[in-house]
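Input: a single structure, listed below in structure tokens.
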Amino acid sequence: MAVGSHKDAFKAHQLVKKLSGKKDKKPLIDAAANILLDFVKNQRQVNSDHLITTLPEDDGNYDGKKLDKALTAVDKLCGKCDESHDDACFVNQTRRMLIKAKTGVDLGNSFDGNKSLDALLKEAESIAQSSTNEDKKVACETIQEIQDETLDELREAYDSLEKKYEALSEKDVFRSTLIDEIVSTITAVSDGNFATEMPVHEDEQLGKLATAFNVMLKTINETMQNLDKLVSERSAELRMIMDTVPVGLMSIITMSGEDYRINPEYSKTCEKILGVQDLRGRNFLDAIGLTKRTGDSRKDMAKFLDLLTQELLPEEDMAGLNPFVEIEIKMMMAQSNGQKSTIT
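Each residue of the sequence shown is one higher than the last, beginning at 1 in this note's numbering.
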């Protein structure tokens with residue numbers, strides 16, 4: 001169903017419900033109101049297996065203007081749902097009940113629902129005029145006067161409170177559908193779909209919440225775009241520096257234990273020094289020629305790298321603990337002789 005159309009269905013339900021009083025219950029009107037409320041609550045069509053074959057009877061005492069207004073509001077719901085417009089749809093079954101309330105004629109549960117409201121009313125009025133059924137006579141009931149004024153006031157106060165409670169309960173059904181939309185949007189955003197926007201409705205409080213959320217989401221998107229652009233620019237600058245710097249520079253990341261991986265950011269000179277092409281993702285200890293080393297020697301180098309990356313000791317102490325001195329000397333000798341650097 002289109003966004004917001006359940007609001008129109010809720011308004012139509014309110015107009016229909018006003019046709020039924022507290023002291024003179026109208027089963028026909030109540031059945032029509034329940035169809036609309038069930039659709040607003042569950043967005044569910046009338047199940048064709050549960051159609052009412054024979055509609056309940058009312059006293060026929062309605063406010064003509066209110067009945068016409070309710071019937072028009074229901075008729076305007078046509079075309080606003082995603083379901084097929086067949087005889088069993090919630091709009092047609094509600095029209096059927098209100099047409100009986102207006103004319104006293106039930107067109108049946110398989111009437112031609114594609115006809116306009118005017119055409120259906122003319123058909124019902126034609127049947128009413130040709131029928132001699134006494135059941136279509138309008139019965140006017142007189143409300144008994146209650147002698148005890150105190151009791152009458154108490155009943156009126158009770159009815160007023162009950163109406164207010166029902167109105168709040170029905171409004172809560174409408175608001176719950178809006179809250180479901182908000183939860184669905186927040187869930188989509190938490191899953192990484194930042195393009196999702198929260199629908200903004202006329203409800204004052206929920207409307208403010210949706211607007212504030214959309215403003216926040218827009219700010220997040222703009223910030224992420226700026227960060228992506230900044231990272232891209234800085235990465236390009238860093239790559240250019242690394243490609244041209246004449247010394248061996250690289251960054252490593254600690255994975256676990258002795259697993260120190262070389263990041264993509266390293267200078268090309270490192271490849272010349274180590275005699276290895278494409279150092280990205282390689283284990284640092286293996287890249288500098290420690291593949292065959294095991295035991296305390298390799299563990300000492302791993303511990304030294306931990307201290308180095310965590311900056312726990314002064315540089316002077318770190319220099320004294322450096323287990324890579326032997327490797328550095330061999331690398332310098334290899335470069336001074338113009339040889340390829342092979343470290344064992």
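Glycine included, every Cβ here is placed at the ideal spot set by N, Cα and C.
Since the model is a prediction, treat every value here as computed from it, not as a measurement.
In chain order, what residues of the same chain lie with their CB nearer than 6 Å to the CB of residue i, ignoring the 5 residues before and after it?
i      : result
Val105 : Ala124, Ile127, Ala128
Lys100 : Leu55, Asp106
Gln14  : none
Asn347 : Past the edges of the chain, shown from 1 to 344, lies residue 347, and the structure says nothing about it.
Leu117 : Asp75
Taking a contact to mean a Cβ-Cβ separation below 8 Å, would you say residue i touches residue j in this structure?
i      : j      : result
Thr94  : Leu36  : yes
Leu51  : Lys102 : no
Ala32  : Leu98  : yes
Leu285 : Tyr266 : no
His6   : Thr177 : yes
Val74  : Val16  : yes
Ile262 : Arg282 : yes
Ile352 : Ala157 : There is no way to answer for residue 352, as the model of the chain reaches only from 1 to 344.
Leu206 : Tyr260 : no
Assuming residue i contacts residue j (C-beta within less than 8 Å), just tell me the rounded distance between them.
i      : j      : result
Gly248 : Thr269 : 5 Å
Leu19  : Ala70  : 6 Å
Below 7 Å CB to CB, which residues in the same chain sit around residue i once its five sequence neighbours on both sides are set aside?
i      : result
Val276 : Ala287
Val189 : Thr196, Leu217
Lys41  : Val173
Tyr62  : Leu19, Ala101
Leaving out the 5 sequence neighbours to the left and right, which residues in its chain are closer than 8 Å to residue i when beta-carbon positions are compared?
i      : result
Glu204 : none
Glu271 : Gln277, Asp278, Leu279
Glu202 : Lys7
- [ ] Could you tell me whether the segment 51-62 touches the segment 16-36, where touching means 3 or more Cβ pairs closer than 8 Å?
- [x] With three or more CB-CB distances shorter than 8 Å, the segment 51-62 counts as touching the segment 16-36.
- [ ] Indicate whether the contact test is met: 3 or more Cβ pairs, each with one atom in the segment 6-14 and one in the segment 171-186, closer than 8 Å.
- [x] yes
Task: Minimum length 3: unbroken beta strand (DSSP E) runs contained in the segment 161-214 - done: none
Task: Contact the segment 233-246 vs the segment 202-222: 3+ CB pairs below 8 Å - done: no
- [ ] Counting only runs of 4+ residues fully inside the segment 227-274, write out the alpha helix (DSSP H) ranges in chain order.
- [x] 268-274
Open item on the list: Does the segment 225-240 come into contact with the segment 206-217, if we say contact requires no fewer than three beta-carbon pairs (one atom in each stretch) closer than 8 Å?
Closed with: Taking a cut-off of 8 Å for Cβ pairs, the segment 225-240 and the segment 206-217 do not touch, as fewer than three such pairs fall below it.
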